[in-house]
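Colleague: The first sequence begins at 8 in the numbering used here and counts up by one.
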Amino acid sequence: MLLYYNAFNGESMQILLIHSDYLEYEITSKTKIAEEIEDSLKQGRMEDCLSVFIAVEEGDDDSVIENTIHEITEVSKSVKTKKIFLYPYAHLSKELAPPNVAIKILKDLESKLILNFEVKRSPFGYYKAFKISCKGHPLSELSRSIKSQEKGEIVSEALKAEEKIKSSWYILDTNVNLVPQEKFDFKDYDGLRKLTEYEVTHSRKVDMIPPHVEYMRNLELVDYEKGSDPGNLRWYPKGILIKRLLENSVTDSILHYGGMEVETPIMYSITHPMLSKYLNRFPARQYIVKSGNDDYFLRFAACFGQYLMKHDMIISYKDLPLRLYELTRYSFRREQRGELVGLRRLRAFTMPDMHTLAPNMEYAKREFIEQFKLSMKWMQEIGIEYEVAIRFVKSFYEENKDFVDTLMSLIKKPILVEMWDERPFYFVMKFEFNFVDSMNKASALSTVQIDIENTERFEIKYFDEDGKEKYPLMLHASISGAIERNLYALLETAFLESKKGKKPMLPTWLSPTQVRILPVGEEQLDYSLKVLDELDKAEIRADIDDRDLRLGKKIRDAEKDWIPYIIVVGDDEIKNSILNIRSREDSSQKNITINEFIKSFKELVKGKPTRPLPLPKRLSVRASFR
RNA sequence: GCCCUGGUAGCUUAGUGGUAUAGUGCCUGCUUGGUAAGCAGGAGAUCGCGGGUUCAAUCCCCGCCCAGGGCUCCA
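1) By the three-class DSSP mapping on this structure, what secondary structure does Met512 have?
2) Using the beta-carbon count (16 or more within 10 Å), is Met223 buried or exposed?
3) Just to confirm before moving on: does the CB-CB distance between Leu331 and His362 stay below 8 Å?
4) Using a 10 Å radius around the Cβ and a threshold of 16 neighbouring Cβ atoms, would you call Gln343 buried or exposed?
5) Do you know offhand how far Phe137's Cα is from Arg52's?
6) Around the C-beta of Asp409, are 16 or more other C-beta atoms found within 10 angstroms, so that it is buried, or is it exposed?
7) With 16 other CB atoms within 10 Å as the buried threshold, where does Gln596 fall?
8) Is it true that the CB of Leu347 sits closer than 8 Å to the CB of Pro237?
9) Label Lys245 either buried or exposed according to how many other C-beta atoms from any shown protein chain fall within 10 Å of its C-beta, with 16 as the threshold for buried.
10) Report all residues from its chain with a CB closer than 7 Å to the CB of Val443; omit the five preceding and five following residues, and keep chain order.
11) Output the distance between the C-alpha atoms of Thr520 and Glu369, rounded to the nearest integer angstrom.
12) Closer than 6 Å by C-beta to Gly266: which residues in its own chain qualify, once you throw out the five before and the five after it? Chain order, please.
13) How many angstroms separate the CA atom of Gly345 from the CA atom of Leu353?
14) Would you say the segment 375 to 384 touches the segment 489 to 509, given that touching needs at least three Cβ pairs under 8 Å?
15) Buried or exposed: Thr462, going by 16 or more other Cβ atoms within 10 Å of its Cβ?
16) Can you check the segment 179 to 231 for any beta strand (DSSP E) of at least 3 residues that lies completely inside it and give the ranges in chain order?
17) In whole angstroms, what is the alpha-carbon distance linking Ala291 and Glu270?
18) Should the segment 471 to 488 be called in touch with the segment 419 to 430, which here means at least 3 C-beta pairs below 8 Å?
19) By DSSP, does Glu157 sit in helix, in strand, or in coil?
20) What are the complete alpha helix (DSSP H) segments, minimum 4 residues, inside the segment 474 to 501?
21) With respect to the alpha helix (DSSP H) encompassing Phe608, which residues constitute its N-terminal and C-terminal limits?
22) Relative to the C-alpha of Tyr433, which candidate in Arg464, Ser416, Val207 has its C-alpha closest?
23) Tell me the rounded alpha-carbon separation between Phe502 and Ile322.
24) Could you spell out where the alpha helix (DSSP H) holding Trp385 opens and where it closes?
25) Name the one or two DSSP bridge partners that Leu464 has.
26) Return the chain-ordered list of same chain residues with a C-beta closer than 6 Å to the C-beta of Ser631, the five sequence neighbours on each side being excluded.
27) Beta-carbon separation of Ile585 and Asn602 under 8 Å?
28) What's the gap between the Cα of Glu232 and the Cα of Ser129?
29) For the segment 234 to 287, which segments carrying the beta strand (DSSP E) assignment without a break, of at least 3 residues, lie completely within its bounds, in sequence order?
30) Is there contact between the segment 551 to 565 and the segment 472 to 482, where contact requires at least three CB pairs shorter than 8 Å?
31) When the Cα atoms are used, what is the spatial distance from Met215 to Ser445?
32) Counting along the chain, where does the beta strand (DSSP E) carrying Ile574 start and finish?
33) Can you tell me the Cα-Cα spacing of Leu240 and Leu452, whole angstroms?
34) Extract the residue ranges of the beta strand (DSSP E) inside the segment 386 to 446, only unbroken runs of 3 or more that lie entirely within it.
35) Measure the C-alpha to C-alpha separation of Glu268 and Glu476 and round it to an integer number of angstroms.
36) Does DSSP put Ser584 in a helix, in a strand, or in coil?
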C-alpha cells in the first residue's frame, strides 16, 4: 500500500547543540553503513560555529526537518552565529532509524540550512576522531528532542509528486499563439494578469479581513462553528436558502444536460485496494473516521461512489457517453489549517460532481467542449467574472492543437496555460474558470478534466461493437465548482461593485428577501399585509417590517439587508391603489400597480428556481442569529 | 502543518497588575413617522480556554483553541 501514516507518539530526533570555538574531525575507519563520500569530506574544521550533533531515531520522517531547522535557527540567533556544523552522532539514542533514512534526513537538513547558513557536515557511517572547544557560556550547550508530526496524517503520493513536477506557463492569445507568460502584454487583461501572478509567482500584498467573510456573517448567511473542526461551517436560514437555490439550479442544468443523478456514501474503506491507489493520485489530504477497528476516509469528491457503481454496471457502447452525477453534500478535504478562509477554502464543501464515460479521445474532447460550454453558461447565469486556465501534459497539447482552437473560439479571450513535462495526476488535461477576488486571490470554480487512468484502475468497462470489453476514457466535471465558493465569488463581486460606488447586492433571484414592505405607521399594517399576501401568491419572497420604528430606521435596516425592492405603504398609496417601490439596483423610485410590479419582477427572475422565505414574514417576531 | 498578528457583552469596540468603557442590538415605557439611525430607563462580560508568576492577573509568562495574513494549496 502506498499510503503511509507519519505519526505515533514517542519517536523524535535527538540533537545536541554546542556553541564552539571550533570543531574538527578526521575519519579513522569506515563502517558497513557508511555513505559514499568524496575525499574532501574525510576531514573538516569550522570555527566559531554551532556544532549540531544529531541522532535520527526510529520512526522519524521528513516532518522533523522543519522543526529541527527551526530549533537550530533559534539557537543560532541567540548565540549569534551563522555557521552550522552538522555531526551525525548515533550515541545520542538507543533506537536509531535505518541508515538510509538517517542519511536522507541529514542531507535534506543540510540542503535546507545552506540557504541561510554556512554549513558543514561530517559524513555518516564512519569512525571519526574529533576535537571540540565549547565556549562555556550559559547558552552554549543545549539538547533538544524534535518530534515528528504528532497526529496521523495521510499525504498522497500525488501531493508529494506535485512538489517536484516541472511546469511552464504561457498565455494562449486570441490568435491561439502560445506566448511565454513573461512576454505577454497584460495591458487590457487585468484579471488574467492577477490570475497569472497568483499562479506563477504567488505574490500578493494584502492585509485585511476578506470582505466576503464580513458579509457572510453580517448578513446572517453563514458563520464559523467553533464546535466543529475548522473549515466546517454553520449555515443560517438565509444562507441555506441561497445555497439550496444554487444547488438546485446547477443540478437542474446538469439533469437537462444528461447527467443521471445518484447518491453514494461519504466514507470508504481505506484498505479497499482500488480506492487506496486512487487516493494516491489525487492531490488532497483526507479525514479519517474510525468505525470499530476499521479506518475509513471521507470522500473528497463523488469519484469513489460513482466509480464503484460504474464498475458494477453493464454498459454498451450504445450507452455512451454515460454520465453519473451527484451533488456532494459534503466533500471533505483536510486542508492545511492555514489555508482555510471563510467560504473560499473549506474542509467540508458542496460540489456538483459528474463523471462521463467516453469511448475514445475524439468523443472525450467533444464532451469536454460541451461541458466547457455548460460551465460558461453557469458562470454567465450567476453573473461572475472569471479567467480561464488550461493545464496540459505537454505531449497532449502537441497532439491536440485543433482542440485548443475550438476552446478559444468559444471563450474569445486570452487563457493562462500551464504545461507539465510529465503527468503528475490522473488527467492529461483540465480547464478551470478562476475567480479573482478583491484581494487578488484566484480560486477555481468550474473545472473539467480528462482522466486516462481511472477506468482501468477501477475496472470500469463497456462492451464495444465488436463484442469485446474495453476501458473508456472518463471526464470529471464540476460545472459550478463548489457551491460555497460560488457564494464567496458572489459576495466578493458585490464588494468589488461597492468599491466602484454601487450598492452591494446579490442577484435578485438569490436574495433571501426580495421585497420588503414598510408600512409608514400602524394604520397601514392591514393593507400592507394584503400586499404581502399578493406577493406571496406570486411566489415572490416578501416580508414586512411591522416593528414600531420610524420609517427612516426601517429603510436603513432594509438597506443593510441588501433587499432589492423596498415598498413604502402610506395613506397616499392606499388611497390611489398604487405601490411606491424603490429599487436597490439603481436607487430609483417608481409608482406602479401591484400587478405591474409582479409582472416585471417575474420577467426579471424568469427561468430561475425559487423557494419560500425560510423566516417569519413579520420582522417583529423574527429572532436574530447573532 | 509552520511563521506572523489578533481574541474584552449577541455584534463593533475603549481601557487597566486592584474584575472594566461606549455604541449598536435586546427588554420596558414614551413617541408616530415619508426614503440609510426618534427619546428615556433596564438587563446583558467567568475580559477565548488551561496552567504559572504575584498579596492580587483581563493585563506579565507558558501551553492550547479560534480567526486573519504569509508559506503552501484548491472546488
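Glycine included, each C-beta is placed from N, C-alpha and C at the ideal position.
Bear in mind the structure is a predicted one, so any value in this text is a computation, not a measurement.
Modeller: Looking at the coordinates:
1) coil
2) buried
3) yes
4) exposed
5) 9 Å
6) exposed
7) exposed
8) yes
9) buried
10) Gly198, Lys201, Leu202, Glu394, Ala449
11) 47 Å
12) Arg330, Tyr332, Met361
13) 11 Å
14) no
15) buried
16) 185 to 187, 229 to 231
17) 22 Å
18) no
19) Residue confidence for Glu157 is low, a pLDDT of 32 falling below 50, so the modelled location carries little weight; the figure read from the coordinates is stated next. Three-state DSSP puts Glu157 in coil, outside helix and strand.
20) none
21) 601 to 611
22) Arg464
23) 48 Å
24) 368 to 389
25) Residue 464 is actually Arg in this sequence, not Leu. Arg464 pairs with nothing; no bridge assigned.
26) none
27) no
28) 51 Å
29) 240 to 242, 274 to 276
30) no
31) 10 Å
32) 572 to 576
33) 19 Å
34) 394 to 400, 422 to 427, 434 to 443
35) 25 Å
36) coil
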